[in-house]
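Notes for the one structure printed next.
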Amino acid sequence: MGVIDIDPELLQRSADAALHAAEQGIVHMEAEYRGEIGPLMDTLVAQEPLAYAIRPVINADGSVEIPVETTRARIHDWYVQVRGASDMLPGWSLIEIRGEWYSFTEQITRARLKNGAPEIYETEVILLLPVTTDPGITGELCWHRTPTISLGTDPERVADERNRPDLRRELLECHDRHLDALRSGDVDGLVELLDDGAQAAIRDYVDDTGTLVALRGAAEHRAHYERFFETFDVVGIDLLHRVVQEWYLFHEVRLTVQRRAGADAGAQLSFRLAEFVIPTADGRMMVRIGHGTDPA
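In the working numbering, the protein residues as written are 245 to 540.
Next comes the structure, spelled out in C-alpha cells:
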C-alpha cells in the first residue's frame, strides 16, 4: 500500500547530488588533516574564479575584515600560512546539511600549533563548501565562533542577560524581515537591519563575475542592493533550509528574478543562495558570507 508517493527518480537524483557534495567536503577535510599543500590544492576545482573567505579578522572596536580570495595562487599562499602554523586534527560535526551543490557543517575543530606545545585547541566553526558536478570544491567559507558582544561598531553595545531562546528568536525575526525586504525590493529595509560596519562576501550577480563581491559598510551594501534591483525584479523567494543558533543563522533560498534591461530583458531566471549570517550584540547583521548557483 502506497503511503508517501514521491517520484523515485527525483529522490535518486537529489540523493546523488547531496552525496557528491558531501564527498567533496570529506575529501577536502582529510587533506586538511594530512596538512600537505599539494594534496590540499588538489581538492579544489581547476577552474577559476574560486571563492575563499576563511580568515576573518575581528578588531578590538567590534569591526570585522573579511579577506576574499579568488585565485589558486593566493589560496595556495593562505594554505601555506595556515597549515604552516598548525596541524588540524579530526573533530566532530554537530550539524550537517548536505545540499545538492554544497555542504554546510557546524563543527568542533581541533588543532595543535607547530611550536612544540602539546596543547590541543578546540574551536566551534561553521563551514560552507560549494561544489560543482565535477570533483573538488569551488570555495571554502568559514567562521570561527566569536562572542557576540565583540561584534558591532555601535560604541554603546552592551551584553545583556538575554537567554538563548531570545537570541535565536531575535535573529530569526531579523532574517524574516530581511527576506521580506528582499522580496519587495526595499533597499531601506535591507540596510536598516545592518550594523553600520556590516561586512559581506557573497555571490556577485550584479556584474556576474561568478565569484564573491566584498561589501564593506552599510553604504556599500546600499549601493549593491540598488544596483541589484536595477538589474532584477524579484519574482519570488523560496526558503529551502534554515538553521538558527544564538551565534549564527544559515539559510538556503531560491530566488526567481526577471531581468529588467539588456538584450534578454524580461527573461526569468532562478538561482540558489546558501549563506550564513553573524549577528551583533544588538541583534543586527554584522557579517554575511555565502555563495550561489549560476542563474538559469
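Just so you know, even glycine gets a beta-carbon here, dropped at the ideal spot from N, CA and C. All figures in this text were calculated on a predicted structure; none of them were measured in a lab.
Worksheet entry | Three-state secondary structure (DSSP) of ALA442 | Assignment of ALA442 by DSSP, reduced to helix, strand and coil, places it in the strand class.
Item to complete: Would you kindly work out how many angstroms separate the C-alpha atoms of GLY279 and ILE270, rounded to a whole number?
Response: 14 Å
Worksheet item: From SER514 to ASP477, what distance separates their C-alpha atoms?
Response: 12 Å
Worksheet item: Between ASP538 and the rest of its own chain, which residues show a CB-CB distance below 8 Å, the 5 nearest in sequence each way excluded?
Response: GLY454 and PHE515
Worksheet item: Do the CB positions of VAL435 and ARG460 come within less than 7 Å of each other?
Response: no
Fill in: GLY433 and VAL289 closer than 7 Å at C-beta
The beta carbons of GLY433 and VAL289 sit no closer together than 7 Å.
Worksheet item: For GLU344, which residues from the same chain have a beta carbon less than 8 Å from its beta carbon, with the 5 sequence-adjacent residues on both sides left out?
Response: SER258, ALA261, ALA262 and ALA265
Discussion item. Only counting the same chain, and skipping five residues up and downstream in sequence, which positions put a Cβ closer than 8 Å to that of ILE302?
Written reply: VAL308, THR390, SER394 and LEU395
Discussion item. Give me, in chain order, the residues of the same chain whose beta-carbon lies closer than 6 Å to that of ILE310; leave out the 5 immediate sequence neighbours on both sides.
Written reply: ALA297, PRO300, GLN443 and ALA445
Worksheet item: Can you tell me where the beta strand (DSSP E) with PRO362 in it begins and where it stops?
Response: Neither: PRO362 is in no beta strand (DSSP E) and is coded neither H nor E.
Practice prompt. Indicate whether the contact test is met: 3 or more Cβ pairs, each with one atom in the segment 328-341 and one in the segment 418-428, closer than 8 Å.
Written response: Cβ pair count under 8 Å is below three, so no.
Practice prompt. Express the C-alpha separation of GLN489 and THR392 in angstroms, rounding to a whole number.
Written response: 12 Å
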